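Numbering (my numbering), first residue to last: 5 to 251. Yeah, the Cβ is synthetic: ideal placement off N, Cα and C, and Gly gets one too. All figures in this text were calculated on a predicted structure; none of them were measured in a lab. Just below is one structure, and these are the notes that go with it.
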């Protein structure tokens, strides 16, 4: 999720994500629970669960934690009954924001989300008012160093990719949602190892707020990311490292 993750990585480097870094296992556990709940506890037949487990392992989540999260999702052991909820809103400068949340209490979650929006110059919007500005896709990110772009592109297209692009020191392979795992497996068979594999909402209609609006938007995004029930945050603004420098 290259473009999506880029601003999050900037937050980490700028010390903006200490709270989220401390809660990373909780977010990973929720993803495993929801994936197992929706598609069963066998990663061989549940691609979403397979992806969630891989992400958890990449972040050094203990195997016992992964196992318990799967069991909570399948109902083998008791645990929170999370459901997926999507919220949409607008931030400073007309930025469109899409939130994916996992919650066991919708009333609490919507209250916290609404408060964050109103406190930082945004507003929670009705479903459908923002989502049309994003396209749901699969994304495979690979380090560019030492990679033959032509060979990568050929392998990706043969695996069902829609596009291959270069972003700074990374290649980003874009696929239809249903082709993500098939394409990643094709790349692995061709000798290409991804650094990140996942689903992303790519903005199709971007805006660029002015400096003051950008500062306010970054504070809003930070506040939303810090909410326990917010799993992923998507925004139709290209955020650069210097934008945080100017905060």
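- Nearest C-alpha to residue 90 among 72, 128, 54: 128.
- Between the alpha carbons of residue 51 and residue 112 lies a gap of roughly 30 Å.
- In the structure shown, the three-state DSSP call for residue 170 is strand.
- Per DSSP, the beta-bridge partners of residue 100 are 94.
- Cα atoms of residue 136 and residue 47: separation of roughly 31 Å, rounded to the nearest angstrom.
- With contacts defined as CB atoms closer than 9 Å, residue 35 and residue 56 qualify as a contacting pair.
- Residue 146: member of the beta strand (DSSP E) spanning 138-147, first to last residue.
- Residue 202: not part of any alpha helix (DSSP H); member of the beta strand (DSSP E) spanning 200-207, first to last residue.
- Pairing residue 54 with residue 130, the inter-Cα distance amounts to about 33 Å.
- Bounds of any alpha helix (DSSP H) do not take in residue 182, whose DSSP letter is neither H nor E.
- In the displayed model, residue 134 falls within coil according to three-state DSSP, outside both helix and strand.
- Beta-bridge annotation (DSSP): residue 129 is paired with 92.
- Residue 106 is bridged by DSSP to 88.
- As DSSP reads the structure, residue 236 sits in a beta bridge with 104.
- Residues of the same chain with a CB within less than 8 Å of the CB of residue 58, apart from the 5 flanking positions on each side, are 201 in chain order.
- Under the 8 Å Cβ criterion, the stretch 189-197 does not count as touching the stretch 62-81, having fewer than three qualifying pairs.
- For residue 49, the three-state secondary structure derived from DSSP is coil.
- For residue 237 against residue 225, the beta-carbon gap comes to about 6 Å, under 8 Å, which counts as contact.
- Rounded to whole angstroms, the gap between the alpha carbons of residue 155 and residue 120 is 46 Å.
- Between residue 141 and residue 84, the C-beta spacing is not below 9 Å.
- In the three-state reduction of the DSSP assignment, residue 160 falls in the helix class.
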